[in-house]
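Asker: One structure, as structure tokens, below. Some questions next.
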Amino acid sequence: MTCKRSREIDIDCFDAGQLVCQTCDRLISVLDTSPFSSWIDKEVDRKRDLQASGQLKTRIQTNLQDDQEIDRDGLHAEIAACLVLCPHRLLDWQNAATSNQNNRGGDLPSDWTGLSKPIEIKFTRYFSSKLGYLLVRPPSGQGKAMKPDFIDDAYYLLLTRQQGMMQVLGWIDRTEFLARKKIDPVGRSAAQVECWGVLWRDLIGLSRLERSRCTNFLKLDTELGR
Ligand SMILES: [Zn+2]
201 MTCKRSREID IDCFDAGQLV CQTCDRLISV LDTSPFSSWI DKEVDRKRDL
251 QASGQLKTRI QTNLQDDQEI DRDGLHAEIA ACLVLCPHRL LDWQNAATSN
301 QNNRGGDLPS DWTGLSKPIE IKFTRYFSSK LGYLLVRPPS GQGKAMKPDF
351 IDDAYYLLLT RQQGMMQVLG WIDRTEFLAR KKIDPVGRSA AQVECWGVLW
401 RDLIGLSRLE RSRCTNFLKL DTELGR
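With the sequence shown counted from 1, adding 200 to any position gets you the working numbering.
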């Protein structure tokens with residue numbers, strides 16, 4: 201649901217506040233993050249080296265190749281969300297991403313976005329009528345079973361990639377996640393941890409996300425060709 205307009209943006213020129221289309225008054229929901237690809241690739245390589253030297257734990261249920269793809273997708277999704285919700289904090293986000301600190305439950309803190317809850321960003325590679333889940337797994341070292349305690353008091357945002365662009369599919373808070381979740385919605389092998397998930401169609405639309413007090417209105421002038 202967009203007005204199908206676009207433009208290039210200069211990321212250095214934003215104040216505090218969300219990126220909103222001046223024409224339709226909606227949050228920007230589709231972004232091209234490819235200008236950040238070389239920064240992201242370097243970051244993924246750096247993490248791979250840390251994992252290889254044992255300084256960073258690899259995920260249990262995947263191999264290194266998958267880990268790198270997951271890291272790459274996740275960073276593109278986080279940059280897109282950061283640009284929509286707190287574009288003036290992009291440098292802070294990049295610094296946090298390179299610090300190796302665990303920011304589970306709060307990829308974008310409240311004091312960056314001006315919202316009442318932190319933002320936790322999730323990505324799905326799969327997006328169709330029946331696929332595209334916002335998935336939450338137990339934190340590492342916390343066993344295989346999911347618990348309500350592992351769902352943070354945050355706004356969970358789900359993104360996917362469509363025609364090379366990052367697209368926000370929707371969001372959900374803790375209460376609604378627990379009410380709408382399915383258990384192991386994408387199946388689970390014996391070796392994998394339990395997983396709870398909400399299908400993208402059961403998420404809440406971006407138009408119903410809390411709006412920040414300040415706004416960066418964007419005049420979108422280029423009609424998107426299809
Ligand atoms: Zn618009």
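In this text, a Cβ means the ideal position worked out from N, Cα and C, and glycines have one as well. Note that the coordinates shown come from a computational prediction; the quantities given were computed from them, not determined experimentally.
Taking 8 Å as the threshold (C-beta atoms), are GLN218 and SER340 in contact?
Answerer: Against a cut-off of 8 Å, the Cβ pair of GLN218 and SER340 comes out as no contact.
Asker: For the 8 Å Cβ check, are there 3 or more pairs between the stretch 320–336 and the stretch 273–280?
Answerer: Output reads yes: the stretch 273–280 touches the stretch 320–336.
Asker: Does the stretch 355–367 come into contact with the stretch 297–304, if we say contact requires no fewer than three beta-carbon pairs (one atom in each stretch) closer than 8 Å?
Answerer: No, the stretch 355–367 is not in contact with the stretch 297–304.
Asker: Quick one: complete alpha helix (DSSP H) runs, 4+ long, within the stretch 350–409?
Answerer: With a minimum length of 4 residues, the continuous alpha helix (DSSP H) runs that stay inside the stretch 350–409 are 374–380.
Asker: Taking only runs of the beta strand (DSSP E) that begin and end inside the stretch 317–353, which ones reach a length of at least 3 residues, in chain order?
Answerer: You should have 319–323 and 333–336.
Asker: Drop a sphere of 10 angstroms on the beta-carbon of THR313, count the other beta-carbons inside from all chains shown, and report buried for 16 or more, exposed for fewer.
Answerer: It is buried - the Cβ of THR313 has at least 16 other Cβ atoms within 10 Å.
Asker: Within 10 Å of its beta-carbon, does GLY370 have 16 or more other beta-carbons around it, so buried, or fewer, so exposed?
Answerer: Buried, since its Cβ has 16 or more Cβ neighbours within 10 Å.
Asker: Could you pull out every residue in the same chain whose Cβ sits closer than 6 Å to the Cβ of GLU410, ignoring the five residues on either side in sequence?
Answerer: Correct list, in chain order: LEU315.
Asker: Does the structure place the stretch 238–257 close enough to the stretch 381–395 that three or more beta carbon pairs sit under 8 Å?
Answerer: Because the criterion of three Cβ pairs below 8 Å is not met, the stretch 381–395 and the stretch 238–257 do not touch.
Asker: Taking only the alpha-carbon atoms, compute the straight-line gap between GLU269 and PRO338 and give it to the nearest angstrom.
Answerer: Near 20 Å, if we compare the C-alpha coordinates of PRO338 and GLU269.
Asker: Taking the alpha carbon of GLU394 as the reference point, which residue from LYS242, PRO385 and PRO287 has its own alpha carbon closest?
Answerer: GLU394 has its Cα closest to that of PRO385, out of LYS242, PRO385 and PRO287.
Asker: Just how far apart, CA to CA, sit SER255 and ASP241?
Answerer: Reading off the sequence shown, one finds Gln at residue 255, where the question assumed Ser. Between GLN255 and ASP241, the C-alpha separation is close to 19 Å.
Asker: Taking DSSP's pairing of strands, which residues face ASN416 in a bridge?
Answerer: In the DSSP output, where bridge partners are listed per residue, ASN416 has LEU219.
Asker: Leaving out the 5 sequence neighbours to the left and right, which residues in its chain are closer than 6 Å to ALA345 when beta-carbon positions are compared?
Answerer: Around ALA345: GLU394.
Asker: Among THR375, GLN367, ALA390 and ARG374, which one has its Cα closest to the Cα of LEU406?
Answerer: For the residues THR375, GLN367, ALA390 and ARG374, the minimum Cα distance to LEU406 belongs to GLN367.
Asker: Considering only residues of the same chain and omitting the five flanking positions on each side of GLN416, which have a CB-CB separation below 8 Å?
Answerer: Sequence inspection shows Asn at residue 416; the Gln mentioned does not correspond to that position. For ASN416, where only same-chain residues beyond five positions count, the Cβ hits under 8 Å are PHE214, ASP215, GLY217, GLN218, LEU219, VAL220 and PRO287.
Asker: DSSP puts LEU308 in a beta bridge; with which residues?
Answerer: DSSP lists ILE319 as partners of LEU308.
Asker: What's the gap between the Cα of CYS203 and the Cα of GLY306?
Answerer: For CYS203 and GLY306, the distance between alpha carbons rounds to 30 Å.
Asker: Output the boundary residues of the alpha helix (DSSP H) element that contains ILE240.
Answerer: From DSSP, the alpha helix (DSSP H) with ILE240 extends over 237–252.
Asker: How about LEU308 and LEU285: are their beta carbons less than 8 Å apart?
Answerer: Yes. Within cutoff.
Asker: Assign GLY332 to buried or exposed, taking buried as 16 or more other Cβ atoms, counted over all protein chains shown, within 10 Å of its Cβ.
Answerer: The residue in question, GLY332, is buried, as its Cβ has 16 or more Cβ neighbours within 10 Å.
Asker: How many Å lie between ARG226 and ALA390 at the Cα?
Answerer: Roughly 43 Å between the two C-alpha positions.
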